Each structure stands twice: as structure tokens, then as C-alpha cells.
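Residues in the sequence shown are numbered consecutively from 24, following this note's numbering. Please read the structure below before turning to the comments.
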Amino acid sequence: MIPYLYVLAAAFLWGTSFVAGKIAFGVADAPLIVLARFAMAGLFWLPVFCRSVRSVPSSRWGALLLLSFLMIPATFLLQFMGLQYTSATSATLMIGFEPLMVMLVGWLIWREQMTALHLLLGTVALAGVLLVMGWPSGANFLGCLLVLLSTVVVAIWVRWSKIWMQSLSVNAFTALTTVLGTVMLIPFALFLTNDWQVNLSTQGASALLYLGIGCSLGAGWLWNMGMRSIPANAGGMFLALEPIFGVIFAVALLYEPLGATTLAGIGLVVIPVLVISVLPVLQARRLPEAC
């Protein structure tokens with residue numbers, strides 16, 4: 024039971040990160056918020072980084088740098104700069120499409136097998152994404168597009184990171200990619216910052232700490248702790264809850280309205296993702312019965 028609570032807590036933290044991001048925008052511009060968030064995480068992982076840096080052969084450093092760039096600067100600058108142009112609800116729904124994006128990118132690039140049901144559910148969810156975005160000229164379009172592009176980046180590095188995890192421990196891999204990604208984030212964050220004004224407040228500082236300690240450090244640790252003891256396919260069920268947590272707290276804390284179009288988009292995105300996430304668990308339970 025405890026491992027499932029760990030994974031559920033991680034999904035909650037990740038699902039509410041855009042709500043915290045919206046509040047943190049009252050402190051500083053989006054690129055600076057991303058930089059501050061990962062500076063906290065990078066400092067925490069620095070001792071582990073120093074111990075692990077020699078475990079990577081010189082021939083693999085180029086690939087590790089590229090992977091770290093995709094995992095932190097590319098992913099999170101796209102997400103949080105997109106969040107500036109759309110609501111936390113809409114941004115969360117774009118992230119909710121991530122499990123299906125991983126499947127679609129795997130099918131398109133790596134020719135991984137997809138069933139007709141997966142394609143159908145992916146098409147339905149994509150229709151929901153376009154509905155929320157306001158395709159092709161809605162007010163949410165630019166922000167949603169940037170966040171959606173981040174899911175393509177995630178779909179690429181998720182597969183690539185699995186190769187690295189075979190030769191590095193979880194802590195070593197996390198430390199290396201976090202510290203390297205944070206260092207590479209600095210010039211991009213400084214270049215993309217439009218407003219250098221910093222407005223400290225209790226609420227904004229709390230949101231920033233929530234992002235840095237809760238979402239960047241705590242969620243990853245909770246996820247890894249939980250996934251050590253539960254089936255891998257069960258993790259997808261909890262990730263599918265991210266947009267649900269995000270929407271609930273965007274409405275409760277930010278008072279974001281839910282119109283008919285948004286509600287329809289939520290249904291079209293969340294239901295297919297839940298179905299695809301639950302199917303492997305149901306199939307795994309049937310296999311012992313068949314034997």
C-alpha cells in the first residue's frame with residue numbers, strides 16, 4: 024500500500040506544478056522561475072554529481088549533455104513559457120496527453136507497434152487537445168502549442184534515458200542530468216527573460232519552494248521509491264491522474280473558469296489516457312488466470 028501512496032503523491036505534485044507556476048509568476052518572469060526551481064534541485068544533487076561524474080566514459084559525454092539539455096532546458100522552458108500564454112487548466116491537459124504522445128512518437132520514429140485501439144484513442148485525445156487549444160487561432164493556441172511541443176521532447180528523452188539507466192544508478196543518473204541540465208539552462212533562461220523585476224511575496228516564494236523542493240526533488244524521489252515495489256505498467260495509471268489533480272486545483276486556487284469547450288476537451292483527453300493506462304494492468308491480471 025505504501026509504494027502506491029508514494030506514486031500517487033508524485034503524480035499529485037507533478038499534476039499541480041502548473042498551478043504553482045502560475046502563482047510563482049508573480050515573483051519573476053517564467054525563465055527565471057524555471058532557473059530558480061532547478062538551481063535548488065541542482066544544489067541538492069551536486070555532491071552526488073561530483074561522486075558520479077567519473078563513472079561516465081569520455082566517449083558518452085556528448086550524448087549525456089544532449090540528453091540533459093532535452094530533459095531540463097528544452098522541456099521546462101517550453102512548458103513554463105507556454106504557461107505564460109495559457110491557463111493552468113489548459114497547460115495541464117496538454118501534459119495529460121503525454122502518455123499518448125510517448126506512444127505516438129514511438130510509433131512514428133521507432134516503428135513500435137500500436138494497436139488499432141491505441142490509434143483510435145490517440146485520435147480522440149488529440150481532438151480534445153485541439154479543442155482546448157482553440158485550433159487554429161484561439162487565445163490559448165500559442166501557450167498550448169509550446170506545452171504540447173514539450174511532450175514531444177519528453178517522448179524522445181524518456182526512451183533515451185532507459186538506455187542510460189541500465190549503466191547508471193537512479194541517483195547518479197538523476198544527479199548528472201539535473202546538474203548538467205541546470206548549468207545549460209542558465210544562458211537560455213537569461214537570454215529569454217523579458218522582465219528582470221523580482222517581486223518577493225510569501226505566496227510567490229512558497230510556490231517557488233513548492234516547485235523546487237516538492238515538484239523537482241520530492242516528486243522524483245517519491246516516484247522512484249514507489250516504482251521499486253510496484254509493476255511498471257501500474258505507474259501509468261497514476262500518471263493519468265496528473266491532469267485531474269491539475270484541473271481541480273486550478274479551479275480551486277486560481278479560480279479558473281471551466282467552459283463547455285474546456286470540459287469537452289478534458290473528457291476527450293483524460294478518458295482515452297485513463298483507458299490506455301488501465302488496459303496493461305487489466306491484461307497483466309488476466310495472464311495468471313489464463314495460466
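Glycine is no exception: its CB is placed at the ideal position from the N, C-alpha and C atoms. All values derive from a computational prediction rather than experimental measurement.
Only counting the same chain, and skipping five residues up and downstream in sequence, which positions put a Cβ closer than 7 angstroms to that of residue i?
i: I46; result: Q226, G227, A230
i: L55; result: A212, T216
i: V155; result: S113, L116, N163, C167, T285, G288
i: M1; result: The structure shown does not extend to residue 1, since the chain spans only 24 to 314, so no value can be given for it.
i: P96; result: G204, M207, L208, F211
i: S82; result: none
At the level of alpha carbons, what is the spacing between residue i and residue j?
i: V175; j: N222; result: 33 angstroms
i: T205; j: G241; result: 17 angstroms
i: V114; j: G157; result: Note that residue 114 is Ala in the sequence shown, not Val. Roughly 13 angstroms between the two C-alpha positions.
i: V301; j: I294; result: 11 angstroms
i: G237; j: M124; result: 25 angstroms
i: A32; j: A62; result: 23 angstroms
i: G282; j: V270; result: 12 angstroms
i: S252; j: L245; result: 12 angstroms
i: Q102; j: L208; result: 14 angstroms
i: L169; j: Q189; result: 31 angstroms
i: V20; j: H141; result: This structure gives no information on residue 20, because the portion of the chain shown stretches from 24 to 314.
i: I267; j: N194; result: 29 angstroms
i: F196; j: W187; result: 7 angstroms
i: Q220; j: V57; result: 15 angstroms
i: L87; j: L28; result: 32 angstroms
i: L36; j: G44; result: 12 angstroms
Between residue i and residue j, how many whole angstroms is the CB-CB distance? I'm expecting something under 8 angstroms.
i: M250; j: V30; result: 7 angstroms
i: A34; j: F272; result: With 8 angstroms as the limit, A34 and F272 do not qualify as a contact, their Cβ atoms being about 13 angstroms apart.
i: W68; j: V202; result: 6 angstroms
i: L171; j: V152; result: 7 angstroms
i: L191; j: S78; result: 7 angstroms
i: L234; j: S75; result: Wrong, their Cβ atoms sit about 25 angstroms apart, outside the cutoff.
i: V296; j: A263; result: 5 angstroms
i: G49; j: S184; result: That belief does not hold up - the Cβ atoms of G49 and S184 are roughly 33 angstroms apart, past 8 angstroms.
Spatial neighbours of residue i within its chain, please: C-beta separation below 6 angstroms, excluding the five flanking residues on both sides.
i: D218; result: D52
i: S239; result: R60, A64
i: Q107; result: A53
In its own chain, which residues sit with a C-beta less than 8 angstroms from the C-beta of residue i, not counting the 5 before and 5 after it?
i: T98; result: S173, V176, V177, W180
i: E135; result: M126, G129
Counting C-beta neighbours from all protein chains within 10 Å, is the total for residue i 16 or more, i.e. buried, or is it exposed?
i: E121; result: buried
i: E265; result: buried
i: G145; result: buried
i: T138; result: exposed
i: P280; result: exposed
i: F214; result: exposed
i: P210; result: exposed
i: I299; result: buried
i: G290; result: exposed
i: S315; result: Residue 315 is absent from the model: the chain starts at 24 and stops at 314.
i: M104; result: buried
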